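**Q**
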Amino acid sequence: MRDDAAMTVAPATTANLGPGFDCAAVALELWNEVEVTEGADGPPDAAHIGVRAFGLVASPEGLAFRWTDRIPRARGLGSSAATIALGMVAAAKWTAQDLALEDLLARGGPLEGHSDNLAACLGGGACLTWNGRIARVAVDLPLTPVAVIPRDLVRTPEARLALPAEVSHADASFNAAHAALLGAGIACGDPGLLAAAFEDRLHEPYRPSPLLDTIRAELPAGAVGATLSGSGPTVIAWAEDSAVCAAELGERFPQETVMVLPVSPRGAH
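Heads up, the sequence shown is in my numbering, so the first residue is 639 and it goes up one at a time.
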């Protein structure tokens with residue numbers, strides 16, 4: 639029996655970033671963790687998504703798992719992606735397997751149902767994902783995410799049901815232009831391009847958010863734009879001065895949790 643423990647951590651993520659629906663996400667400095675040890679008192683919880691993710695890489699039998707959750711659940715900050723990443727990366731570490739990020743994405747993607755959060759959670763920094771691929775475009779951004787986290791919950795599978803099967807050519811063209819701006823802004827580290835990019839017509843109009851509308855109508859000092867984080871309800875204000883931005887948001891929205899969440903250059907490890 640091993641007398642050591644394997645500790646693994648995985649970051650929160652914010653996905654879509656406005657027009658980058660289902661393909662763009664950023665890792666954030668807010669971490670869940672799991673400790674794996676040998677010698678469980680009973681069988682592992684087969685219903686736990688992290689244990690299921692572990693089982694995609696190695697057998698969880700005979701192991702004990704201690705999960706620490708700091709990422710708020712069902713708030714659009716990638717809590718499920720973090721748990722899946724934790725399970726798979728912990729299994730790889732426990733069995734000394736050196737698995738490529740895209741291998742892990744292929745295994746864990748079906749559990750998550752979409753790949754944007756999971757790609758950034760695994761890769762760190764700002765990531766794009768398409769057709770099972772991951773590209774880490776930048777390790778940091780010139781803007782800092784400031785999260786406004788409501789108490790309400792949003793379940794991603796339910797939120798996705800509200801999305802239309804088709805959109806107009808005008809809306810598709812609008813999003814293509816803004817997605818191009820987003821990718822260029824990330825790659826170049828250009829805050830001006832990013833500020834111009836943070837608009838969307840593919841998913842945000844179908845996920846009504848009075849909080850997003852209010853923040854966009856009157857951006858806080860230090861912020862250049864705002865986006866819905868994943869399917870919400872969390873809203874991200876993108877700030878050049880995160881301290882000033884967070885202070886104002888805290889005053890304006892005292893019932894919500896306001897957190898400065900810098901971009902994490904590292905993914906699950």
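Every residue, glycine too, gets a C-beta built ideally from N, C-alpha and C. All of these numbers come straight from a predicted model, not from anything done at the bench.
Is the shortest distance between the beta-carbon of A814 and the beta-carbons of chain D less than 8 Å?
**A** Here there is only one protein chain, and chain D is not present.
**Q** Does the beta-carbon distance from I787 to R890 come in below 8 Å?
**A** On the sequence shown, position 149 is the one that residue 787 refers to. On the sequence shown, position 252 is the one that residue 890 refers to. No.
**Q** Taking the alpha-carbon of G763 as reference, which of V901, H907 and T872 has the nearest alpha-carbon?
**A** On the sequence shown, residue 763 is found 125 positions in, with the first residue counted as 1. Measuring from the Cα of G763, the nearest candidate turns out to be V901.
**Q** Report yes or no: do the stretch 858 to 865 and the stretch 873 to 891 share at least 3 C-beta pairs separated by less than 8 Å?
**A** Contact holds: three or more Cβ-Cβ distances are below 8 Å.
**Q** Report the three-state DSSP secondary structure of G863 (helix, strand or coil).
**A** As a working note, residue 863 is residue 225 in the sequence shown. DSSP places G863 in strand when its eight states are reduced to three.
**Q** Just checking, does the stretch 694 to 713 make contact with the stretch 669 to 680 on the three C-beta pairs under 8 Å criterion?
**A** The stretch 694 to 713, when compared against the stretch 669 to 680, does touch it at the 8 Å Cβ threshold.
**Q** Which residues share a DSSP beta bridge with N670?
**A** Translated into positions along the sequence shown, residue 670 becomes position 32. In DSSP, N670 forms a bridge with A648.
**Q** So what's T675 in DSSP terms, helix, strand or just coil?
**A** Your numbering for residue 675 matches position 37 in the sequence shown. If DSSP states are grouped into helix, strand and coil, T675 belongs with the strands.
**Q** Which residue wins for smallest C-alpha separation from A881, given the options G827, S869, V898 and T794?
**A** What you label residue 881 is simply residue 243 of the sequence shown in a count that begins at 1. Closest by alpha carbon: V898.
**Q** Strictly by DSSP, which residues pair up with A663?
**A** As a position in the sequence shown, residue 663 is number 25, starting the count at 1. According to DSSP, which records beta bridges pairwise, A663 is partnered with A653 and C765.
**Q** Give the straight-line distance between the Cα atoms of G823 and T651, rounded to the nearest whole angstrom.
**A** Here residue 823 is taken as the residue at index 185 of the sequence shown, counted from 1. Here residue 651 is taken as the residue at index 13 of the sequence shown, counted from 1. One C-alpha to the other measures close to 18 Å.
**Q** So what's F836 in DSSP terms, helix, strand or just coil?
**A** Residue 836 sits at position 198 when you count from the first residue of the sequence shown. Note: F836 maps to coil in three-state DSSP.
**Q** With a CB to CB cut of under 8 Å and the five nearest residues on each side skipped, what residues in its chain are close to V896?
**A** By one-based count along the sequence shown, residue 896 stands at place 258. Taken in chain order, the residues that qualify are V784, A785, V786, I787, A884, L887 and G888.
**Q** For T721, which of helix, strand or coil comes out of DSSP?
**A** Here residue 721 refers to the residue found at position 83 when the sequence shown is read from its first residue. In the structure shown, T721 sits in a helix (DSSP, three-state: H, G or I).
**Q** What three-state label does DSSP hand V689 in the structure shown?
**A** Indexing the sequence shown from 1 puts residue 689 at position 51. Three-state DSSP puts V689 in a helix.
**Q** Are the stretch 815 to 832 and the stretch 649 to 667 touching, with three or more C-beta to C-beta distances below 8 Å?
**A** They touch, by the three-pair rule.
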